Each structure stands twice: as structure tokens, then as C-alpha cells.
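As C-alpha cells, the structure follows; a few thoughts come after it.
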Amino acid sequence: MGFLWGAATSAHQVEGDNCGNDWWRFEALPGTIAHGDVSGPACRHYEWFDRDFALAAGDGHNAHRFSLEWSRIEPARGRFDVTQVAHYHAVLASLRRHRLAPIVTLHHFTNPLWIADHGGWESRETVDRYCDYVRFCAREFGGEVDWWCTVNEPEVYAFRGWSEGVWPPARRDDSAALAVIANQLEAHGRAYRILHEEDRIDADGDGKAALVGFAKHHPQLEPARPWFPLDVLRAHLERRVFNDAVEEAAITGVVDLFIPGARRIRRRVPELAGSLDYLGLNYYTRWKVRMLGPEPHVARPGARLTDLRWEIHPQGFEQALVRVGRLGVPILVTENGFADASDSFRSHALVEYLFHMERAMARGVPVLGYLHWSLLDNFEWADGYGPRFGLYRIDFANPERPRTRTRSADLYASIVRANAIDDQVLADVGLAL
Ligand code: IFM
């Protein structure tokens with residue numbers, strides 16, 4: 337398999353009608369989602385996946401990352417739904433027909449209600465239940481899947497849901513957030529072993545039956561005022577707990593999480609040691625970190641911003657790649673993208689980011705592929721339907737309608753086809769790098 341080029345999605349953000357999970361229930365509570373949005377039918381990708389994959393394949397993509405929705409597959413403990421399992425076999429068959437290598441995420445923020453209502457990820461028992469589900473998926477889908485992504489962004493998931501309280505279960509308890517990260521890391525380590533045990537079928541004939549990693553959101557975290565010791569300290573502590581400790585745990589097998597005022601977690605998880613065939617890197621932005629003030633994370637004053645007010649910082653992508661490259665495992669860019677409803681800066685930013693990815697590769701970082709977030713506009717969690725990350729626009733009032741292609745989709749297609757950023761691409765976006 338050569339370099340992987342493609343896009344990424346997640347079930348709850350695109351499928352529609354995922355009514356058996358904790359997000360669906362959370363969205364129904366007043367005041368939880370921007371503009372009162374609910375995921376509802378989302379992109380109707382559940383029905384239209386084949387048409388959507390045809391778009392990706394038509395653009396020359398050779399890989400696609402998506403997630404299996406646990407609440408569909410196992411709506412009650414130990415009861416696996418044959419109709420939904422058949423649905424995901426159909427999804428995988430469609431990807432194969434379109435020559436898109438499936439990169440399958442097993443947990444992307446959503447939980448069946450029976451998990452959420454029995455302690456959720458704060459409970460070690462959830463790790464056991466998740467492992468049962470992973471074993472089922474490995475046996476069921478292993479013949480069609482080689483690339484597995486166990487969990488998506490454990491640190492974002494934990495801090496948003498248990499520390500900031502803006503995602504379910506809307507708690508504000510830093511100690512619980514650390515416990516959730518630790519449990520998700522343990523779940524990753526155990527899933528790594530299960531997937532290698534159970535998935536012995538090499539679906540694409542490259543000699544590897546299972547390649548297992550997890551997706552890590554790795555922002556650049558820098559002090560807002562480098563001369564102010566409290567900002568320096570806070571940026572250091574956040575880099576440690578958010579980035580380094582999470583990434584290193586999957587190499588060393590030691591989970592060591594600390595933030596001031598919370599219960600420290602230090603535990604050895606034997607299954608975690610050496611549990612990365614690749615690390616999935618989700619890179620978006622850089623944050624300037626402040627100890628005091630209403631907003632602890634701000635964009636650099638004067639920086640170019642996306643619609644979500646995230647700084648466009650291509651150099652940071654190179655720095656993040658070099659940083660995670662030091663872990664000594666290959667890197668797969670499992671997400672990178674921009675909220676840009678008018679598609680006015682995405683093309684330019686994409687070229688800059690890919691230019692810096694190439695530089696990181698030239699500096700020796702083993703990058704296996706790049707998956708753009710996202711193929712389609714989608715439900716952006718607590719931000720609802722405002723932010724638009726898609727290479728293809730969705731009409732959310734009529735989500736079954738054909739998707740509208742963006743200029744960025746054209747540009748990305750030409751990069752993918754050339755397998756490089758050539759002069760034509762640079763001219764297209766008016767860039768000389
Ligand atoms: O939409 C999310 C995705 O679910 C996880 N990574 C970041 C994306 C953009 O916020």
C-alpha cells in the first residue's frame with residue numbers, strides 16, 4: 337500500500353438518526369448545542385454512503401476513515417443487531433468496490449445508552465464492555481478491515497465531557513476527566529491485543545492483517561505571554577497532560593496523569609506498552625495558553641482564523657509531526673481540516689499544511705497517509721451545524737440531496753492524483769512556497 341490519501345468522518349456526525357446513544361439524548365436538552373441544533377438526519381450518510389464514497393473515489397482518494405456506531409451494533413449489552421451489522425458489511429463492501437481502504441474507528445465520542453447509564457467511561461467496567469464489543473467487531477469485520485483506530489481523541493473526549501462539562505455527561509470534575517483518559521488508554525491497549533489476536537485476515541494482501549493505533553488530537557500549546565511565569569507553567573502542564581503523557585503511555589505502558597487540584601493517576605497497564613502500529617495524528621491549531629483571564633486558550637492576536645476562531649498555523653503541523661515522530665512509530669494523519677463555510681481559505685490553508693507535512697517527512701518523520709477532515713459538512717458536536725469542514729457541502733434542510741462540490745475538493749483531488757503539491761496546484765491557490 338502506498339501513501340494513503342483520503343478523508344475522514346464519524347458515524348454520529350454524518351449518518352443521521354443515531355437515536356440510541358448518549359449524544360442524541362444530550363442534544364435534546366435545552367441549551368446544550370449551538371442554535372438549538374440536534375444531529376437529527378445529519379447528512380443521511382447512513383442511506384447515501386455509496387454515493388458519498390463514489391465522490392471520494394472520483395477524487396482519487398484511496399482510503400477512507402469512518403466509525404462504527406457502537407449503539408447500533410450493540411444496542412443492549414451482549415445483543416448484537418444483525419441488521420446493523422449487515423449495514424456495516426454493506427458499507428465496507430462499498431468502500432472495497434470504490435477501492436477505498438477502510439480505516440475503522442471503534443469509538444468516536446458516542447456510547448450506547450446502556451454504557452452511559454452504567455458509569456460510562458469513568459467506570460473500569462466500561463473498559464471490559466468495550467473490549468467485548470471490539471472482539472465482536474474484530475471477528476465480524478476483520479476479513480474486510482486491516483486498519484483499526486481504537487479510540488478517537490481520548491483527551492478531548494475526557495476534558496470536554498468531564499472537565500469543561502460541555503459534552504455528555506456534562507460533569508465538571510478534573511479528577512474524573514483524568515480517570516476517563518486513563519480508562520480510554522487502557523481500553524486502547526487491551527483492544528490492541530484483541531485486534532491482533534482476532535483479526536488474522538489480511539484484507540488487502542499487503543502482508544499485514546491488523547494495523548492498530550488511536551487518534552490523538554495534538555494542538556500546539558504555547559504560553560500567551562512567554563515572559564509571564566504562570567502562563568509558561570500552565571502551557572507546560574497542559575502539554576504534559578494533554579499531549580505527552582497520553583502519547584507516551586502507549587509506548588511505555590505507564591499512564592501518568594496530573595493536573596493541579598485533581599487526583600493524580602499513575603498506573604501501569606501492561607497491554608498498553610508498545611501498543612501502536614501507528615499513531616493517528618489529528619492536527620488543527622495552536623493555542624496560546626493563559627493562567628489568568630476569562631479564556632485560558634486564545635488564538636494569537638492578529639492570526640488568520642477559521643470560522644471556529646482556530647488559528648491557521650501550518651508550521652505547527654510540521655512541529656506536531658516532528659514531535660510525535662519522536663515516539664518511534666509511523667504516523668497516520670487521521671484528521672486535519674478547517675471550518676470554512678464559504679470555502680474561501682480552505683484551499684490555501686490545505687496547501688500550506690501539506691507543504692509542512694512534506695517538510696516533516698523530509699526531516700525523517702514516517703508519515704503513512706493524510707486523511708482530510710472531512711469528506712462532508714457534518715454535525716460539529718456542541719457547535720452544531722454552523723462550522724463547515726466538508727470538501728462537499730450538505731444542504732442540511734434536505735440532506736438527501738446531491739452534495740455540492742467545493743473548490744477545495746477539486747484542489748485536493750489534484751494533489752492526491754499528483755501525489756504531490758506541484759506547480760499547477762500552487763498556481764491554483766496563488767501560492768509560491
Ligand atoms: O469534528 C471533530 C471530530 O469529531 C474530532 N476531531 C476534531 C473535529 C473538528 O472539531
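Residue numbers for the sequence shown follow our numbering, so the first one is 337 and each next one is one higher. Cβ coordinates follow ideal geometry from the N, Cα and C atoms, glycine included. If you're wondering where the values come from, they're calculated on a predicted model, not measured in any experiment.
Exercise. Quick one: residues in its chain with C-beta nearer than 6 angstroms to the C-beta of F725, no 5 flanking neighbours on either side, listed in chain order?
Key: G673, A675, W709, S710
Quiz item: What are the residues that DSSP puts in a beta bridge with T670?
Solution: T670 is not bridged to any residue.
Exercise. Using the DSSP secondary-structure output, state which residues sit across from F402 in a beta bridge.
Key: V440
Exercise. Answer yes if the stretch 644 to 663 comes into contact with the stretch 582 to 598, meaning at least three C-beta pairs across the two stretches below 8 angstroms, and no otherwise.
Key: yes
Quiz item: So what's D353 in DSSP terms, helix, strand or just coil?
Solution: coil
Quiz item: Does the distance from the C-beta atom of V605 to that of E558 stay below 8 angstroms?
Solution: no
Self-check item: Other residues of its chain near G549: CB distance less than 7 angstroms, five sequence neighbours each side excluded
Solution: C485, L612, D613, Y614, L615, G616, L668
Self-check item: Nearest neighbour of S407, chosen from G396, N398, H400, T419 [CA to CA]
Solution: T419
Quiz prompt | Under the three-state DSSP convention, the category V548 falls into | solution = strand
Exercise. Let me know if K552 comes out buried or exposed under the rule of 16 or more other beta-carbons within 10 Å of its beta-carbon.
Key: buried
Exercise. Report yes if the CB atom of H444 is closer than 8 angstroms to the CB atom of S511, and no otherwise.
Key: no
Practice problem: Can you have a look at L566 and say buried or exposed, based on whether 16 or more other CB atoms are within 10 angstroms of its CB? | Solution: exposed
Quiz item: Does the beta-carbon of G700 have 16 or more other beta-carbons within 10 angstroms, so that it is buried, or is it exposed?
Solution: exposed
Quiz item: Within 10 angstroms of its Cβ, does L365 collect 16 or more other Cβ (buried), or is it exposed?
Solution: exposed
Exercise. Kindly indicate which three-state DSSP category G661 falls into: helix, strand or coil?
Key: helix
Quiz item: What is the rounded straight-line gap between the Cα of A392 and the Cα of A343?
Solution: 8 angstroms
Quiz item: Checking contacts by CB at 8 angstroms: is L617 closer than that to chain D?
Solution: In the displayed structure, chain D is absent; only one protein chain is listed.
Quiz item: Given that a residue counts as buried once 16 or more other Cβ atoms are within 10 Å of its Cβ, and exposed if not, what is L707?
Solution: buried
Self-check item: H846: CB within 7 angstroms of a non-hydrogen atom of ligand 1
Solution: The question about residue 846 has no answer here: the residues shown for the chain are numbered 337 through 769.
Quiz prompt | Three-state class that DSSP yields for A344 in the structure shown | solution = strand
Exercise. Could you tell me how far apart the beta carbons of E647 and R636 are, in whole angstroms, since I believe they sit closer than 8 angstroms?
Key: 6 angstroms
Self-check item: Closest Cα partner of F691 within the set R361, Y424, L657
Solution: L657
Exercise. Report yes if the C-beta of N579 is less than 7 angstroms from at least one heavy atom of ligand 1; otherwise report no.
Key: no
Quiz item: Does DSSP put N777 in a helix, in a strand, or in coil?
Solution: Lying before the first or after the last residue shown, residue 777 is absent from the chain, which here runs from 337 to 769.
Self-check item: the stretch 371 to 380 in contact with the stretch 395 to 404 per 3-pair CB rule at 8 angstroms
Solution: no
Quiz item: Where do the N-terminal and C-terminal ends of the beta strand (DSSP E) with R460 fall, by residue?
Solution: Taken as a continuous stretch (DSSP letters only), R460 belongs to no beta strand (DSSP E), being part of the alpha helix (DSSP H) at 460 to 477.
Practice problem: Return the CA-CA distance between R475 and N734, expressed in angstroms with no decimal places. | Solution: 37 angstroms
Practice problem: Look up I601 in the DSSP assignment and say whether it is helix, strand or coil. | Solution: strand
Quiz item: Nearest CA to the CA of Y466: which residue from E522, P438, L428?
Solution: E522
Quiz prompt | Closer than 7 angstroms: N488 CB and nearest ligand 1 heavy atom | solution = yes
Practice problem: Return the residue from the list R413, R603, Q556, D538 that minimises the CA-CA distance to N771. | Solution: Any question about residue 771 goes unanswered here, given that the chain covers just 337 to 769.
Self-check item: Exposed unless 16 or more other CB atoms sit within 10 angstroms - verdict on E736
Solution: exposed
Quiz prompt | Beta-carbon gap between V703 and W341 smaller than 8 angstroms | solution = no
Quiz item: Between the C-alpha atoms of A390 and A763, what's the straight-line distance to the nearest angstrom?
Solution: 28 angstroms
Self-check item: Rounded distance between the beta-carbons of A539 and V481, thought under 8 angstroms
Solution: 6 angstroms
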